[in-house]
Every structure is written in structure tokens, then in C-alpha cells.
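Below you'll find the structure, written out as C-alpha cells, and then a few comments.
Residue numbers (this note's numbering), protein chains in the order written: chain A, 18 to 129; chain B, 3 to 122.
Structure follows, in C-alpha cells:
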């Protein structure tokens, strides 16, 4: 079942903040966040496994709510390099062969 | 670490020919590899999952006789698009995961750079 991402698109000025949400109707095992630039493959940002978990890397962080049905990606003081399409991928269970189901993506544009 | 390569990066072929795309994990062993296709401005759609030494598991609606997947070793998987037609033109991306918790994070899928296929 495909997770729902919102918003579909965001336009920011450099230095502004953004939040991207990813929701599922059922509890998840994990949420994975990726950023994809035009014509390139997705680049892994982070994975969240535990309910209530928060993770961060520089000015990009994410949370996974206690019920493990919703995750948010936070981009703080955005930079031009943050532009791209952000996808969340969700897993319902653990396992090497378990597949990721990706949301439709959120297109982020950061302007000078 | 966690580098996945794909070859070729771009291919243009005539309708009716077959095209093979290679996916390699360069610095880790991939117990599972995934093949996706992506149309412009759309999400990644999983085509199939392959485990080393086993037959691939195809997603509903994906023709297994048209998209042949082989995962003969822990570092290589191939996707062959047989008798390609213009509607097969797309961006094909593989990802690799080490489910045993080796050198890379167990639960993470690492993506290759993608192969853009154009069928004339």
C-alpha cells in the first residue's frame, strides 16, 4: 500500500525551512527517506526504525511517530543543493527481501 | 562504502532487440537486489526482487518472460529486456541490500545510478 506524501511540491527561498510528511494507514516496520535529483538515482538520506525515533544529519532531520504510521522530514535553513524530489519508502516488516513501497514524491525547489 | 554501479548508463536500441542491464554492488555483498522502473515525474515502481541464487519474485503486472532477471552472485544482478518496444523506454534503477548485516546497514537499500533505455 503506497504511503501518502504531502505536500506534492514546495518552493522555498534559500534559508527557509520545510517539512515533508509521509503517512501510512497501517503500522510500519521502517521508513526510508531518499532525495532524487533530475536524471539521477535516489540518494539515501536516513532510515527510521523505532517509534518515537528522531534522526538528523546536519540540517536535515526526520521523525517517526510513536504509532509508526507517520514520518516527517525536516529541512532547516535550506540550501540550493537541497532541491530535488524527496521520496519516502516504507516497509511493513523486517526482512532482507522485504520491499520498499515509495510515495509519489515531494518536489522541493530552493531558489536564491 | 555502499556503492552500487549500473551498466550501461544509457542505451538506445531498435524495437525488437534485447537489452541487458547490469547491477553490481562494488564494496559489499548484496543478498537481495531490487529492480525498479521510473517514468518521468513519477515515483519508483518496483518490478522484481531477486535473492542470490534464487528465482526473482515479480510484482503484479510485470511480465517475467519479458523482463528476465538473474542474480547469479552476491555482487551482480542482471535485467534483460527482451524484444524491447517503445513502451519499454524508461529509467531502470537497481538497488542492493545486505540482509545479513555485513559492511553496510542491514535494512538500507543502496541505489545504482540508473540506466536510461530508449527504444526506437
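Glycine included, C-beta positions come from ideal geometry on N, C-alpha and C. Everything numeric in this text was worked out from a predicted model, so none of it was measured.
Same chain only: Cβ atoms within 7 Å of residue i, ignoring 5 sequence neighbours per side
| i | result |
| --- | --- |
| residue 182 (chain B) | This structure cannot settle anything about residue 182 (chain B), because the visible part of chain B is limited to 3 through 122. |
| residue 36 (chain B) | 48, 51, 96, 97 and 111 |
| residue 27 (chain B) | 6, 77 and 98 |
| residue 66 (chain B) | 60 |
| residue 97 (chain A) | 31, 127 and 129 |
| residue 31 (chain B) | 76, 77, 100 and 104 |
| residue 93 (chain A) | 34 and 76 |
| residue 122 (chain A) | 22, 102, 103 and 104 |
| residue 120 (chain A) | 19, 20, 21, 22, 39, 104 and 105 |
| residue 24 (chain A) | 123 |
| residue 53 (chain B) | 33, 34 and 73 |
8 Å Cβ shell around residue i - same chain, five flanking residues per side excluded
| i | result |
| --- | --- |
| residue 66 (chain A) | 46, 47 and 81 |
| residue 43 (chain A) | 18, 86 and 109 |
| residue 55 (chain B) | 73 and 74 |
| residue 15 (chain B) | 21, 86, 119, 120, 121 and 122 |
Where residue i falls, given that 16 or more other Cβ within 10 Å makes a residue buried
| i | result |
| --- | --- |
| residue 34 (chain B) | buried |
| residue 116 (chain A) | buried |
| residue 79 (chain A) | buried |
| residue 39 (chain B) | buried |
| residue 63 (chain B) | exposed |
| residue 41 (chain B) | exposed |
| residue 111 (chain A) | exposed |
| residue 10 (chain B) | exposed |
| residue 58 (chain A) | buried |
Residues near residue i in its chain [Cβ-Cβ closer than 6 Å; skip 5 each side]
| i | result |
| --- | --- |
| residue 54 (chain A) | 101 |
| residue 72 (chain B) | 80 |
| residue 70 (chain A) | 81 |
| residue 28 (chain A) | 126 |
| residue 87 (chain A) | 40 |
| residue 13 (chain B) | 21 and 119 |
| residue 124 (chain A) | 26 and 102 |
| residue 118 (chain A) | 19 and 107 |
| residue 93 (chain B) | 40, 116 and 118 |
Presumed contact (8 Å Cβ cut-off) between residue i and residue j, rounded CB distance
| i | j | result |
| --- | --- | --- |
| residue 52 (chain A) | residue 128 (chain A) | With a Cβ gap of about 17 Å, residue 52 (chain A) and residue 128 (chain A) do not count as contacting. |
| residue 78 (chain B) | residue 69 (chain B) | Incorrect: roughly 17 Å between the Cβ atoms, too far for contact. |
| residue 119 (chain B) | residue 91 (chain B) | 6 Å |
| residue 20 (chain B) | residue 84 (chain B) | 5 Å |
| residue 116 (chain B) | residue 25 (chain B) | With 8 Å as the limit, residue 116 (chain B) and residue 25 (chain B) do not qualify as a contact, their Cβ atoms being about 10 Å apart. |
| residue 64 (chain A) | residue 109 (chain B) | 6 Å |
| residue 68 (chain A) | residue 84 (chain A) | 7 Å |
| residue 44 (chain B) | residue 23 (chain B) | Between residue 23 (chain B) and residue 44 (chain B) the Cβ distance is about 19 Å, and since that is not below 8 Å, they are no contact. |
| residue 89 (chain A) | residue 38 (chain A) | 5 Å |
| residue 36 (chain A) | residue 99 (chain A) | The pair is not a contact, with the Cβ atoms about 13 Å apart (cut-off 8 Å). |
Cβ pair count under 8 Å reaching 3, the region 36 to 53 of chain A against the region 105 to 120 of chain A: The region 36 to 53 of chain A, when compared against the region 105 to 120 of chain A, does touch it at the 8 Å Cβ threshold.
Contiguous beta strand (DSSP E) assignments of at least 3 residues, all confined to the region 7 to 47 of chain B: Entirely contained in the region 7 to 47 of chain B, the beta strand (DSSP E) runs reaching 3 residues are, in chain order, 12 to 15, 21 to 27 and 34 to 40.
Residue ranges of each beta strand (DSSP E) within the region 22 to 99 of chain A, 3 or longer: 26 to 30, 35 to 40, 47 to 53, 60 to 65, 71 to 74, 77 to 81 and 87 to 92, all fully within the region 22 to 99 of chain A.
Complete alpha helix (DSSP H) runs within the region 76 to 100 of chain B (minimum length 4 residues, chain order): With a minimum length of 4 residues, no continuous alpha helix (DSSP H) run stays inside the region 76 to 100 of chain B.
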